[in-house]
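There are 2 protein chains.
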Amino acid sequence: MRDVSIIGIGQTAVGEHWERSLRHLAGDAVLAAMADAGVERADALYVGNMLSGLLTGQEHLGALVADFVGLRGIEAIKVEAACGSGAAALRQGYAAVAGGLHDLVIVCGVEKMTDTVNAETTTGLVMAADADYESVHGLTFVAINALLMRRYMHEYGVAHEDFAPFAVNAHQNAVGNPNAMFRRPITAQQFARARMIADPINLLDSSGIGDGAAAVVLAPSGMVGKGQRGRAVRIRASSMATDAVAVHDRRDPLWLSAAEASAFKAYRQAGVGPRDIDLFEVHDAFTIMSVLSLEASGFAERGKGTWLAQTGEITRQGRIPICTMGGLKARGHPVGATGVYQVVEVTQQLRGQAGDNQVPDARLGMAQNIGGSGATVVTHILEAGG
Amino acid sequence: MRDVSIIGIGQTAVGEHWERSLRHLAGDAVLAAMADAGVERADALYVGNMLSGLLTGQEHLGALVADFVGLRGIEAIKVEAACGSGAAALRQGYAAVAGGLHDLVIVCGVEKMTDTVNAETTTGLVMAADADYESVHGLTFVAINALLMRRYMHEYGVAHEDFAPFAVNAHQNAVGNPNAMFRRPITAQQFARARMIADPINLLDSSGIGDGAAAVVLAPSGMVGKGQRGRAVRIRASSMATDAVAVHDRRDPLWLSAAEASAFKAYRQAGVGPRDIDLFEVHDAFTIMSVLSLEASGFAERGKGTWLAQTGEITRQGRIPICTMGGLKARGHPVGATGVYQVVEVTQQLRGQAGDNQVPDARLGMAQNIGGSGATVVTHILEAGG
Numbered sequence: 238m239r240d241v242s243i244i245g246i247g248q249t250a251v252g253e254h255w256e257r258s259l260r261h262l263a264g265d266a267v268l269a270a271m272a273d274a275g276v277e278r279a280d281a282l283y284v285g286n287m288l289s290g291l292l293t294g295q296e297h298l299g300a301l302v303a304d305f306v307g308l309r310g311i312e313a314i315k316v317e318a319a320c321g322s323g324a325a326a327l328r329q330g331y332a333a334v335a336g337g338l339h340d341l342v343i344v345c346g347v348e349k350m351t352d353t354v355n356a357e358t359t360t361g362l363v364m365a366a367d368a369d370y371e372s373v374h375g376l377t378f379v380a381i382n383a384l385l386m387r388r389y390m391h392e393y394g395v396a397h398e399d400f401a402p403f404a405v406n407a408h409q410n411a412v413g414n415p416n417a418m419f420r421r422p423i424t425a426q427q428f429a430r431a432r433m434i435a436d437p438i439n440l441l442d443s444s445g446i447g448d449g450a451a452a453v454v455l456a457p458s459g460m461v462g463k464g465q466r467g468r469a470v471r472i473r474a475s476s477m478a479t480d481a482v483a484v485h486d487r488r489d490p491l492w493l494s495a496a497e498a499s500a501f502k503a504y505r506q507a508g509v510g511p512r513d514i515d516l517f518e519v520h521d522a523f524t525i526m527s528v529l530s531l532e533a534s535g536f537a538e539r540g541k542g543t544w545l546a547q548t549g550e551i552t553r554q555g556r557i558p559i560c561t562m563g564g565l566k567a568r569g570h571p572v573g574a575t576g577v578y579q580v581v582e583v584t585q586q587l588r589g590q591a592g593d594n595q596v597p598d599a600r601l602g603m604a605q606n607i608g609g610s611g612a613t614v615v616t617h618i619l620e621a622g623g
Numbered sequence: 238m239r240d241v242s243i244i245g246i247g248q249t250a251v252g253e254h255w256e257r258s259l260r261h262l263a264g265d266a267v268l269a270a271m272a273d274a275g276v277e278r279a280d281a282l283y284v285g286n287m288l289s290g291l292l293t294g295q296e297h298l299g300a301l302v303a304d305f306v307g308l309r310g311i312e313a314i315k316v317e318a319a320c321g322s323g324a325a326a327l328r329q330g331y332a333a334v335a336g337g338l339h340d341l342v343i344v345c346g347v348e349k350m351t352d353t354v355n356a357e358t359t360t361g362l363v364m365a366a367d368a369d370y371e372s373v374h375g376l377t378f379v380a381i382n383a384l385l386m387r388r389y390m391h392e393y394g395v396a397h398e399d400f401a402p403f404a405v406n407a408h409q410n411a412v413g414n415p416n417a418m419f420r421r422p423i424t425a426q427q428f429a430r431a432r433m434i435a436d437p438i439n440l441l442d443s444s445g446i447g448d449g450a451a452a453v454v455l456a457p458s459g460m461v462g463k464g465q466r467g468r469a470v471r472i473r474a475s476s477m478a479t480d481a482v483a484v485h486d487r488r489d490p491l492w493l494s495a496a497e498a499s500a501f502k503a504y505r506q507a508g509v510g511p512r513d514i515d516l517f518e519v520h521d522a523f524t525i526m527s528v529l530s531l532e533a534s535g536f537a538e539r540g541k542g543t544w545l546a547q548t549g550e551i552t553r554q555g556r557i558p559i560c561t562m563g564g565l566k567a568r569g570h571p572v573g574a575t576g577v578y579q580v581v582e583v584t585q586q587l588r589g590q591a592g593d594n595q596v597p598d599a600r601l602g603m604a605q606n607i608g609g610s611g612a613t614v615v616t617h618i619l620e621a622g623g
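Protein chains in written order, with our numbering: chain X, 238 to 623; chain U, 238 to 623.
In structure tokens:
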């Protein structure tokens, strides 16, 4: 299979875009990515999105977005894997280029959660869980994560305050990201006093949902767009794994076996290990998810994920900087777009375009996008220089 | 890229399966396809589905179905392209095997439209249209097709009764298909007297929606499953094209340019033309769609699609047999599953397993799955002998 590079990136700010529809958001990101890549056409478009049907009464986003950005006629689909939809779409684009199906592909993640007409966002998010065995009992998506966090605290003797550094780090990094939703620092004290959402998850354990879109342009490595503005970044690994959707069906609810499988497949493909990774865009939908992801991906021992944060190793100066542009927590979590945002941000870092948030000498970056509470995990490893 | 073959097929009957949930339907089809292929594992699962989120509150079907059929852990996603979701999922599976990403892939199309909890099916189907510019005005999906049919009748001087042979042929063929929803013949008189739905579309112009699932197992050509029951069938071509979602945005509402692009790309890939095709599974969601698809795909001149049917050329004894197992009209149209049903039925024909419905000496079969009123069109050409 061919090596694949990212030759262009685009994103909208994450927030409440009352005046922008789904197609406008996607269009903004795609056109920005095409301009950045210096291309005016593409062979195919892969759209990652979870909630457009329920929330805005619009499916069929492949054809819709392709037409709206001036690419009427090209192959185009929507890919859905709950909160992992963005990276799942990227993986389809990667496979198309790597396998020789297409030479120039656009991947866009988009979610519109403000100004929706049909349903509440909470009703939408729980579609990531098992409708017949979880949500039927009235569990919300945050409640499922709360059960995991409570169990983790019990099992490993960890206090709620031990999770604070994840939120503090994310907010600190969001300050320097013009596209982030919450560009203000928070303190551990504020974290401790934040309003309870689903015990023990409070407001500052939780990522902010919002509207947004991010896009990348993919091409075989070595191919350069005319007028390409940024350096290409190579996709060294792309991998996906799944697990039971219902948490109670898993062998061990505190071990994300799909994250482990996905991360270690990616390490093998790239020929690297966790120690070689210079930054890691973690799927911090809730602080507990960061912990479980870091442990399953080999960055911390089991039960020691919060320790990694407490010792400062997750900051830009630490051993494994995470959520370097604010993460889901503070950049914001437009669900089906998140996986593409993560990869756009890793690309910014590897190009040296991360501004105040730059991780020095970043060469290898990883992004892990999680669907549901760990049932779908997609991992990409990117390398500077395409 | 590698040649890809279908080495196993499975399907449920289409109907009102009040006692079977979404995952059971998908499981039945996938396990049947795996048994038919003689395989007990797979590298990846691609699920085509349009409406599970809105209708049953369940997204994340990739991981859900993979786990339910005993394949927990494998790569799995849902692919959505409105009513073209099934064939769009097949195309992803095809690309994965052809490109070398995977060796053994399962594609499943599934839709559950009975016993839904959240919304009416009509609300769901119109998500294939443009929410901001079509459905916002109260247009239903059948109304959009009615506008097309009315315009076609006006433009080409065709009467409503001229469409009768499509419905009559589909029902006739469904009689011999144990998985079809409406296994009874109808007459042109019954067609003429059927209840009006959205003038000029009446009940017998319209396909029946239902629950159902169909699945195929894909592998590189030449690879044979241990205990494989049926002959392999080779995918000679796989192609997809799109158009504007909103009908009023198209250059010519009566010409399915995406069907033309998709079909002729497929002919080029297979090195054949319309005359070489022995049977054609048409996306007859409404009789007008059959006509437009046949014309755009090169089987009839513009404005002459009904003539092809009136002269008997679409029956099993005609020049281009269509809807040989009942089509969407009479086998039933479980929306996101339909594209996979079509391919399963072509495979039955090319294997000589179509029973009373066998098209004699069928060697090349085509299936065309349409999303919306022509905005996404996916065409596959299959050849007997894998």
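Backbone N, C-alpha and C fix where the C-beta goes; we use that ideal spot for every residue, glycine too.
Residue state for I434(U) is assigned as strand, using DSSP reduced to three classes. By the criterion of at least three beta-carbon pairs nearer than 8 Å, the segment 273-285 of chain X is not in contact with the segment 437-449 of chain U.
Taking the CA atoms as reference points, V615(X) sits about 25 Å from T293(U). In the structure shown, Y283(U) adopts extended strand secondary structure according to DSSP, grouped into three states. For the set L455(U), A474(U), G330(U), the Cα lying nearest the Cα of R468(U) is the one of L455(U). Residue range 449-457 is occupied by the beta strand (DSSP E) that includes A456(X). Considering only beta carbons, no part of the segment 583-606 of chain X lies closer than 9 Å to chain U. Rounded to the nearest whole angstrom, the C-alpha separation of F378(U) and D369(U) is 14 Å.
Listed as beta-bridge partners of M603(U) by DSSP are F517(U), I618(U).
At a cut-off of 9 Å, the C-beta of K315(U) has a neighbouring C-beta in chain X. C560(U) and N416(U) do not touch by the CB rule: their CB atoms are close to 14 Å apart, not below 8 Å. For M477(U), no alpha helix (DSSP H) segment is defined; the enclosing uninterrupted segment is the beta strand (DSSP E) at 470-479. Of all residues in the segment 490-521 of chain U, the ones placed with a Cβ closer than 8 Å to any Cβ belonging to chain X are S494, A495, A498, in chain order. Collapsing the DSSP output to three states places K315(U) in a strand.
Taking a C-beta cut-off of 7 Å against chain X, the contacting residues of the segment 296-309 of chain U are E296, H297, G299, A300, L301, A303, D304, R309, listed in chain order. Chain order gives the chain X residues near M287(U) as G290, E296, H297, where near means a beta carbon separation below 9 Å.
T377(X) has a beta carbon lying at 9 Å or more from every beta carbon in chain U.
If you compare the alpha carbons of G573(U), G592(U), G622(U), N382(U) with that of M350(U), the shortest gap goes to G573(U). In the assembly as shown, D273(X) is a buried residue. Its beta-carbon has 16 or more other beta-carbons within 10 Å. For the segment 361-376 of chain U, the set of positions with a beta-carbon nearer than 9 Å to some beta-carbon of chain X reads G361, V363, M364, A365, A366, D367, A368, D369, S372, V373 in chain order. Rounded to whole angstroms, V342(X) and I244(X) show a C-alpha spacing of 10 Å. Judged by pairs of C-beta atoms under 8 Å, the segment 397-406 of chain X touches the segment 549-558 of chain X, as three or more such pairs exist. Annotation for T584(X): I243, I246, V470 place their beta carbon closer than 6 Å to its own, counting only its chain and skipping 5 residues before and after. Contact between the segment 477-494 of chain X and the segment 303-310 of chain U is present: 3 or more CB-CB pairs across the two stretches fall below 8 Å. Among the residues facing chain X, D240(U) is not included, as its CB has no counterpart in that chain under 9 Å away. Shown here for L601(U): same chain residues with a beta carbon closer than 6 Å to its own, the five before and five after excluded, namely D513, I514, D515, E620 in chain order.
Note on geometry: alpha-carbon atoms of G413(X) and V596(X) lie some 12 Å from one another. Per DSSP, the unbroken alpha helix (DSSP H) holding E582(X) starts and ends at 575-588. Given a length threshold of 4 residues, each whole run of the alpha helix (DSSP H) inside the segment 308-358 of chain U is given here in chain order: 322-335. At a cut-off of 9 Å between C-beta atoms, Q329(U) counts as an interface residue with respect to chain X.
Using a Cβ-Cβ cut-off of 9 Å, R471(X) does not count as an interface residue toward chain U, since no Cβ of chain U sits closer than that to its own. Pairing K502(X) with D240(U), the inter-Cα distance amounts to about 26 Å. Each residue's CA atom was taken as its position, placing V577(U) and G623(X) some 38 Å apart. Following the DSSP letters along the chain, one finds S494(X) in no beta strand (DSSP E) but inside the alpha helix (DSSP H) bounded by residues 494-507.
Remark: C-beta atoms of G609(U) and A300(X) approach each other more closely than 9 Å. Three or more beta-carbon pairs separated by less than 8 Å are not found between the segment 415-433 of chain U and the segment 383-391 of chain U, which leaves the two stretches without contact.
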